[in-house]
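Okay, so here's the structure we're looking at.
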Amino acid sequence: MRISGALNNIRLRNKMLIVYFLCVFIPVILTMLTFYTITTNNVKKQKLQDLSLAIEQIRNEFRNQVDAVVGISAVLYNDSILNESLDRQYDNPADYVISYHSYTMDILEKYAPVYRAIQQITVYTNNDTIIYGGHVLPLSPEVKKQGWYRELEQSNTSNPIIVRDGASPMQPAISIVRKMSDSAGPGHHAKVMKIDLHPELIMQAFHNVTLAGNVYLLSGEEVQYVATPNGALTDAAAKASFDQPGRDAIMLEESFDGVGYLRNWRVVGEFQEGEVLEEVRKSREFVIYMALPNIIVPTLIIIWFTRSLNERLIRILKQMKRVKNHSFDTIDNSETKDEIGQLTMEFNRMTLQIRSLIHDVYMADIQKKELELKRNQSQLHALQSQINPHFLFNSLETIRMRSLMKSEEETARIIHHMAKIFRKSLTWGKDLVTVKDELDLVDSFLQIQKYRFGDKLDYRIEADPECSGELIPKMTLQPLVENASIHGIEALKSSGMITVRVSKTPEGMLCMVSDNGVGIPEDKLAELLHDLRHSEEIGESVGVRNVFLRLRLFYGERAAFEIKSTRGEGTSVILALGSL
158 MRISGALNNI RLRNKMLIVY FLCVFIPVIL TMLTFYTITT NNVKKQKLQD LSLAIEQIRN
218 EFRNQVDAVV GISAVLYNDS ILNESLDRQY DNPADYVISY HSYTMDILEK YAPVYRAIQQ
278 ITVYTNNDTI IYGGHVLPLS PEVKKQGWYR ELEQSNTSNP IIVRDGASPM QPAISIVRKM
338 SDSAGPGHHA KVMKIDLHPE LIMQAFHNVT LAGNVYLLSG EEVQYVATPN GALTDAAAKA
398 SFDQPGRDAI MLEESFDGVG YLRNWRVVGE FQEGEVLEEV RKSREFVIYM ALPNIIVPTL
458 IIIWFTRSLN ERLIRILKQM KRVKNHSFDT IDNSETKDEI GQLTMEFNRM TLQIRSLIHD
518 VYMADIQKKE LELKRNQSQL HALQSQINPH FLFNSLETIR MRSLMKSEEE TARIIHHMAK
578 IFRKSLTWGK DLVTVKDELD LVDSFLQIQK YRFGDKLDYR IEADPECSGE LIPKMTLQPL
638 VENASIHGIE ALKSSGMITV RVSKTPEGML CMVSDNGVGI PEDKLAELLH DLRHSEEIGE
698 SVGVRNVFLR LRLFYGERAA FEIKSTRGEG TSVILALGSL
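If you read the sequence shown in the working numbering, its first letter stands for residue 158, the second for the next number, and so on.
Right under this line is the structure:
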């Protein structure tokens, strides 16, 4: 029932649009999106699986090369004849040459042709009786400064480690290094074996699968080698490409689990999602071509049916707008039996009734406006006659106590000002007074406040002479001064100043009441300004509300009312008044 009632409140054209969107447009769009999404996910899943297998293949080929080289290093590490020939002290160079050619050179050179993963085997030793050259080189200070040797020293192990012997990640300079002896004790010399992997085989392993993306070989977070489709990356670009991949980049990773010397190494592939799903995007046009007939044909049919309804509804709406402008002509109606025809007949009947009752309606409205105007005037007169009773009682009590304590002419002067305030508040019968009379009332009020608070309150009244005879609504400045005194200065622990200025402007006058008191909190100031401009209730700010209403009554748009306040610095009320 609630849904049926809600539908009855919807315009006929909107109902047809709802039917169109719910029964045609949205189902077609959802079907197209579902088909596209399922296709995209399936293709993406298959592509990612293919890429993952390709990365896994690269990892396995690289691992097989490293495992083969590590195996050779183990053979050489355990070769007692090779170690003995490297540790022997040779009395003359000829003895070393014979030993080198008879065994050392053969064993260090025989693996490279058999194992294509090996580019070169080099042994570094500090045996000074050896003639360095070929595959045996001195373990010199220059060698110890190289990065691969420092990394071997830091590992503090005799097991093989894999290191990078080069600075550019675009060149796969990978080596297997291990110590052949831990110390150079009696009968032994320090020996280090370094087996370089063949760069071309590494590049072949990383490039033998067609991948539209970058493939990184990493040790920890450092890029050791990067294979790109075009091979055009610089060293800095290769590192930056891995550190800051694209927003739509797909990252696939394969690590070397269970391999100690490759524990922190991994192969990472970076691929752009747009390139992976390029085939799916090509089928998007086909999906759109399928969806267009399902949308266009029902749309044309619905337009055909609704056109006759829409034209007659627009005619009724135009006539209703003429009624709003006091034109009560009826609509020419060729008798139709549908809902719009019945609506047209009822509208004509209503128009005739309005025409007959228009006079009575206007009279009732005029009487209502007169009553409302009288009520507002009564309310304004009541507000205009208010002077804060709390202020009067406190002032009289202060004067009474001072009079009991001492007798002086100051008391008579204050009583004179009090009498002046009472007299003016009771005898003013006009809505407008001169600026001089208004400032005279303000001065009397501030004299009394000065008497009450002593040195705590000081004030200054400044007015341009040409403004003295100008007319303003009565009680315009006094409520603002009273607010500044009670809410701004009275709460201060130190002395305060109230300044009243009236100056002439080309448009009229500018009146300002300011104090250096405690100020108004930002939230309360915003609430006060909002209530003044949008609320019809009087609220707690009777004086300010009274001033604002009378300025709007007398000046309309020619009066500007502004309040500026800073917490702890004071408040200023600015009135910009046009000429009356």
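Note that beta-carbon positions come from the ideal geometry of N, C-alpha and C, so glycine has one too.
**Item:** Inter-residue Cα distance where the pair is Val670 and Gly735
**Value:** Locating residue 670 in the sequence shown gives position 513, counting from the first residue. Locating residue 735 in the sequence shown gives position 578, counting from the first residue. The alpha-carbon atoms of Val670 and Gly735 are separated by roughly 18 Å.
**Asked** Of the residues Val383, Gln246, Ile720, Leu374, which one's Cα is nearest the Cα of Arg420?
**Response** As a first step, residue 420 must be located in the sequence shown, where it is residue number 263. Nearest option by C-alpha distance: Leu374.
**Request:** Give me the Cα-Cα distance between Asn166 and Val657, rounded to the nearest whole angstrom.
**Result:** For the purposes of this step, residue 166 is taken as residue 9 along the sequence shown, with counting starting at 1. For the purposes of this step, residue 657 is taken as residue 500 along the sequence shown, with counting starting at 1. Spanning the two alpha carbons is a distance of roughly 59 Å.
**Asked** With distances taken from CA atoms, which of Asn316, Asp285, Arg216, Val480 is nearest Val227?
**Response** Here residue 227 refers to the residue found at position 70 when the sequence shown is read from its first residue. Among Asn316, Asp285, Arg216, Val480, the Cα nearest to that of Val227 belongs to Asn316.
**Message:** To the nearest angstrom, how far is the alpha carbon of Gln276 from that of Leu354?
**Reply:** Here residue 276 refers to the residue found at position 119 of the sequence shown. Here residue 354 refers to the residue found at position 197 of the sequence shown. Straight-line Cα distance between these residues: approximately 5 Å.
**Message:** Per the DSSP calculation, Lys721 is bridged to which residue(s)?
**Reply:** Residue mapping note: residue 721 aligns to position 564 of the sequence shown, counting from 1. Ser729.
**Contact belief for Lys587 with Cys624 at Cβ below 8 Å, rounded distance in angstroms** = For the purposes of this step, residue 587 is taken as residue 430 along the sequence shown, with counting starting at 1. For the purposes of this step, residue 624 is taken as residue 467 along the sequence shown, with counting starting at 1. With 8 Å as the limit, Lys587 and Cys624 do not qualify as a contact, their Cβ atoms being about 18 Å apart.
**Asked** In this structure, what does DSSP give as the bridge partners for Ser412?
**Response** If you number the sequence shown from 1, residue 412 lands on position 255. DSSP lists Arg423 as partners of Ser412.
**Prompt:** Buried or exposed: Thr261, going by 16 or more other Cβ atoms within 10 Å of its Cβ?
**Reply:** Against the sequence shown, residue 261 aligns to sequence position 104. Counting Cβ neighbours within 10 Å, Thr261 comes out buried, since at least 16 surround it.
**Request:** From the DSSP output, in three-state form, read off Ile544 for me.
**Result:** Position 387 of the sequence shown, counting from 1, holds the residue named residue 544. With a pLDDT of 48 at Ile544, under the threshold of 50, the modelled position of this residue cannot be trusted; read the value that follows with caution. Of the three classes helix, strand and coil, the one that applies to Ile544 here is coil, per DSSP.
**Asked** In the structure shown, what three-state DSSP assignment does Pro317 receive?
**Response** By 1-based counting over the sequence shown, the position of residue 317 is 160. DSSP places Pro317 in coil when its eight states are reduced to three.
**Request:** Tell me, to the nearest whole angstrom, how far the beta carbon of Leu205 is from that of Ile407; I am working on the premise that it is less than 8 Å.
**Result:** Taking the first residue of the sequence shown as position 1, residue 205 is located at position 48. Taking the first residue of the sequence shown as position 1, residue 407 is located at position 250. The Cβ separation is near 7 Å, so the contact holds.
**Opening and closing residue of the beta strand (DSSP E) in which Leu628 lies** = Within the sequence shown, numbered from 1, the residue matching residue 628 stands at position 471. Start and end: 628-630.
**Asked** Hey, Leu596 and Lys631: beta-carbon distance below 8 Å or not?
**Response** Working through the sequence shown from its first residue, we reach residue 596 at position 439. Working through the sequence shown from its first residue, we reach residue 631 at position 474. No, the Cβ-Cβ distance between Leu596 and Lys631 is not below 8 Å.
**Message:** Could you check whether Leu358 and Gln222 sit closer than 8 Å to each other, using their CB atoms as the reference points?
**Reply:** Working through the sequence shown from its first residue, we reach residue 222 at position 65. Working through the sequence shown from its first residue, we reach residue 358 at position 201. Yes, the Cβ-Cβ distance between Gln222 and Leu358 is below 8 Å.
**Message:** Taking the alpha carbon of Tyr247 as the reference point, which residue from Gln635, Thr279, Asp285 has its own alpha carbon closest?
**Reply:** Start at 1 with the first residue of the sequence shown, and residue 247 comes out as number 90. Out of Gln635, Thr279, Asp285, Asp285 has the C-alpha closest to the C-alpha of Tyr247.
**Request:** Kindly give me the distance between the Cβ atoms of Ser642 and Asp612, rounded to whole angstroms, as I take these residues to be in contact under 8 Å.
**Result:** Stepping through the sequence shown from its first residue, residue 642 is reached at position 485. Stepping through the sequence shown from its first residue, residue 612 is reached at position 455. With a Cβ gap of about 15 Å, Ser642 and Asp612 do not count as contacting.
**Request:** For Lys607, collect the residues of the same chain with a Cβ closer than 6 Å to its Cβ; drop the 5 residues on either side in sequence, then sort them by chain order.
**Result:** Mapped onto the sequence shown, residue 607 falls at position 450. Excluding residues within five positions, the ones whose Cβ falls inside 6 Å are Leu614.
**Prompt:** With C-beta atoms as the reference, is Pro356 less than 8 Å away from Pro329?
**Reply:** If you number the sequence shown from 1, residue 356 lands on position 199. If you number the sequence shown from 1, residue 329 lands on position 172. Contact: yes.
**Request:** Identify the continuous beta strand (DSSP E) that holds Arg609 and give its terminal residues.
**Result:** Start at 1 with the first residue of the sequence shown, and residue 609 comes out as number 452. First-last for Arg609: 592-610, but that is the alpha helix (DSSP H), not the beta strand (DSSP E).
**Asked** What is the DSSP secondary structure of Val300, counted as helix, strand or coil?
**Response** Stepping through the sequence shown from its first residue, residue 300 is reached at position 143. Looking at Val300 - three-state DSSP - the assignment turns out to be helix.
**Prompt:** Taking the continuous beta strand (DSSP E) assigned at Gly653, which residues delimit it?
**Reply:** As a working note, residue 653 is residue 496 in the sequence shown. If you look at Gly653, you'll find it in the beta strand (DSSP E) that goes 653-661.
**Message:** Just to confirm the assignment, what range does the alpha helix (DSSP H) spanning Met337 have?
**Reply:** By 1-based counting over the sequence shown, the position of residue 337 is 180. Counting along the chain, Met337 falls outside any alpha helix (DSSP H), and DSSP gives it neither H nor E.
**Prompt:** Out of curiosity, what's the CA-to-CA distance linking Leu309 and Leu233?
**Reply:** For the purposes of this step, residue 309 is taken as the residue at position 152 of the sequence shown. For the purposes of this step, residue 233 is taken as the residue at position 76 of the sequence shown. Cα to Cα, Leu309 sits roughly 18 Å from Leu233.
**Asked** Is DSSP giving Val372 helix, strand or coil here?
**Response** Start at 1 with the first residue of the sequence shown, and residue 372 comes out as number 215. Val372 falls in the strand class under three-state DSSP.
**Item:** Inter-residue Cα distance where the pair is Ile746 and Asp680
**Value:** Only positions 158 to 737 of the chain appear in this structure, which leaves residue 746 out of reach.
**Prompt:** Less than 8 Å separating the beta-carbons of Phe718 and Leu710?
**Reply:** Position 561 of the sequence shown, counting from 1, holds the residue named residue 718. Position 553 of the sequence shown, counting from 1, holds the residue named residue 710. Taking 8 Å as the Cβ cut-off, Phe718 and Leu710 do not qualify as a contacting pair.
**Prompt:** In whole angstroms, what separates the C-alpha of Leu243 from that of Val416?
**Reply:** Here residue 243 refers to the residue found at position 86 when the sequence shown is read from its first residue. Here residue 416 refers to the residue found at position 259 when the sequence shown is read from its first residue. If I take the Cα positions, the gap works out to 30 Å.
**Item:** Start and end residues, alpha helix (DSSP H) containing Glu639
**Value:** Translated into positions along the sequence shown, residue 639 becomes position 482. Note, Glu639: alpha helix (DSSP H), 635-640.
**Asked** Secondary structure at Gly676, three-state DSSP: helix, strand or coil?
**Response** Taking the sequence shown and counting its residues from 1, one reaches residue 676 at position 519. Looking at Gly676 - three-state DSSP - the assignment turns out to be coil, as it is neither helix nor strand.
**Message:** For Ser230 and Ile352, which I take to be in contact (beta-carbon distance under 8 Å), what is that distance rounded to the nearest angstrom?
**Reply:** As a position in the sequence shown, residue 230 is number 73, starting the count at 1. As a position in the sequence shown, residue 352 is number 195, starting the count at 1. 6 Å between Cβ atoms; contact.
**Asked** Along the chain, where does the alpha helix (DSSP H) that runs through Pro250 open and close?
**Response** Mapped onto the sequence shown, residue 250 falls at position 93. Here the alpha helix (DSSP H) through Pro250 covers 250-256.
**Asked** At which residues does the beta strand (DSSP E) containing Ala747 begin and terminate?
**Response** There is simply no residue 747 to check, as the chain begins at 158 and stops at 737 in what is shown.
**Request:** Note down, in chain order, each residue of its chain lying with its Cβ closer than 8 Å to the Cβ of Val480, except the 5 sequence neighbours on either side.
**Result:** Mapped onto the sequence shown, residue 480 falls at position 323. Thr508, Ile511.
**Asked** What separation, rounded to the nearest whole angstrom, lies between the Cα atoms of Glu266 and Ile212?
**Response** Within the sequence shown, residue 266 is the residue found at index 109, counting from 1. Within the sequence shown, residue 212 is the residue found at index 55, counting from 1. Looking at the two C-alpha atoms, the distance is approximately 33 Å.
**CB-CB length for Gly426 against Val372, believed under 8 Å** = The residue you call residue 426 lines up with position 269 of the sequence shown. The residue you call residue 372 lines up with position 215 of the sequence shown. Contact flag correct, Cβ pair sits at about 5 Å.
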